[in-house]
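Report on one structure; see the data block that follows.
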């Protein structure tokens with residue numbers, strides 16, 4: 004295995020410059036793989052590329068709140084039972100028909116009354132937790148087509164994980180990049196591409212002015 008492992012691979016979401024990668028309007032994600040010779044293959048494109056420069060401002064985070072509701076029902080049941088009329092019924096039965104009347108009167112005189120009480124209460128407990136979550140942010144990359152010599156700029160979404168993967172790629176030094184620009188493509192054309200990235204919101208005005216100063 005050579006200096007560069009073909010296991011250096013990353014999938015990125017392209018936000019600008021799809022035309023240079025022959026990507027359709029609905030396409031967004033594409034894989035970059037660094038081969039053993041140090042050059043880059045992109046998706047299923049036949050050409051090889053080299054990364055001239057990669058710019059990213061670093062990780063960005065946003066606060067995310069998560070609310071969890073817990074419901075608990077508390078209940079209290081209360082029941083009273085009262086029997087009434089047993090003695091009175093027996094006495095009446097005795098006067099009517101001694102013996103048998105006592106039994107009948109006792110049976111008739113027995114009454115059962117129930118009183119029920121059911122109280123329930125639902126208690127809602129809400130738990131809110133806050134945490135910072137990393138979000139994808141804009142980055143740019145300059146590439147050169149080895150076969151045609153074309154130099155172009157793409158915009159893509161980046162995060163810490165993607166940045167770590169890209170750091171394992173062979174990225175040329177700025178001086179080498181500047182020499183390639185002078186040989187292969189005019190600074191005016193590159194500036195135009197950066198202007199398009201600025202108009203699309205991929206880079207800020209400050210970043211555009213910085214690149215303009217470098218190119219001119």
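In my numbering, the protein residues as written are 4 to 219.
Here a beta-carbon is modelled for each residue, glycine too, at the ideal position from N, C-alpha and C.
The structure displayed is predicted, hence computed values, not measured ones.
Apart from the five residues just before and just after residue i, which ones in its own chain have a Cβ nearer than 6 angstroms to its Cβ?
i: residue 145; result: 55, 56, 156
i: residue 128; result: 73
i: residue 181; result: Residue placement at residue 181 is flagged as unreliable, the pLDDT there being 47, under the threshold of 50; the coordinate-derived value follows with that caveat. Answer for residue 181: no residue qualifies.
i: residue 28; result: none
i: residue 5; result: Its pLDDT being 42, under 50, residue 5 is placed unreliably in this model, and the value from its coordinates should be taken loosely. Excluding sequence neighbours, residue 5 sits near 39.
i: residue 174; result: 54, 57
For residue i, collect the residues of the same chain with a Cβ closer than 8 angstroms to its Cβ; drop the 5 residues on either side in sequence, then sort them by chain order.
i: residue 11; result: 36, 37, 168, 171, 172
i: residue 16; result: 31, 32, 139, 159, 160
i: residue 203; result: 18, 19, 158
i: residue 24; result: 17, 33, 45, 46, 48, 157
i: residue 163; result: 62, 137
i: residue 65; result: 135, 136, 138
i: residue 205; result: 18, 19, 141, 143, 158
i: residue 151; result: 50
i: residue 198; result: 211
i: residue 1; result: Residue 1 is absent from the model: the chain starts at 4 and stops at 219.
Within its chain, find whatever has a CB closer than 7 angstroms to the CB of residue i; leave out the 5 residues flanking it on each side and keep chain order.
i: residue 42; result: 51, 52, 53, 149
i: residue 166; result: 59
i: residue 218; result: 190, 193, 194
i: residue 22; result: none
i: residue 210; result: none
i: residue 26; result: 17, 33
i: residue 178; result: Per-residue confidence for residue 178 stands at a pLDDT of 40, beneath the threshold of 50, marking its modelled position as unreliable; the derived number appears in the next sentence. The answer is none, since no qualifying residue turns up.
Taking residue i as part of the alpha helix (DSSP H), name the residues at either end of that continuous run.
i: residue 52; result: Note, residue 52: premise wrong, no alpha helix (DSSP H); beta strand (DSSP E) at 51 to 59.
i: residue 163; result: 163 to 170
i: residue 211; result: 208 to 218
i: residue 198; result: 190 to 202
Rounded to the nearest angstrom, how far is the Cβ of residue i from that of residue j, given a contact under 8 angstroms?
i: residue 215; j: residue 194; result: 6 angstroms
i: residue 69; j: residue 132; result: 5 angstroms
i: residue 71; j: residue 130; result: 5 angstroms
Along the chain, where does the beta strand (DSSP E) that runs through residue i open and close?
i: residue 13; result: 11 to 19
i: residue 45; result: 43 to 45
i: residue 35; result: 32 to 37
Mind checking who residue i pairs with in its DSSP beta bridge?
i: residue 158; result: 19, 143
i: residue 132; result: 69
i: residue 148; result: 52
i: residue 153; result: Looking at the DSSP assignment, residue 153 forms no beta bridge with any residue, so it has no partner.
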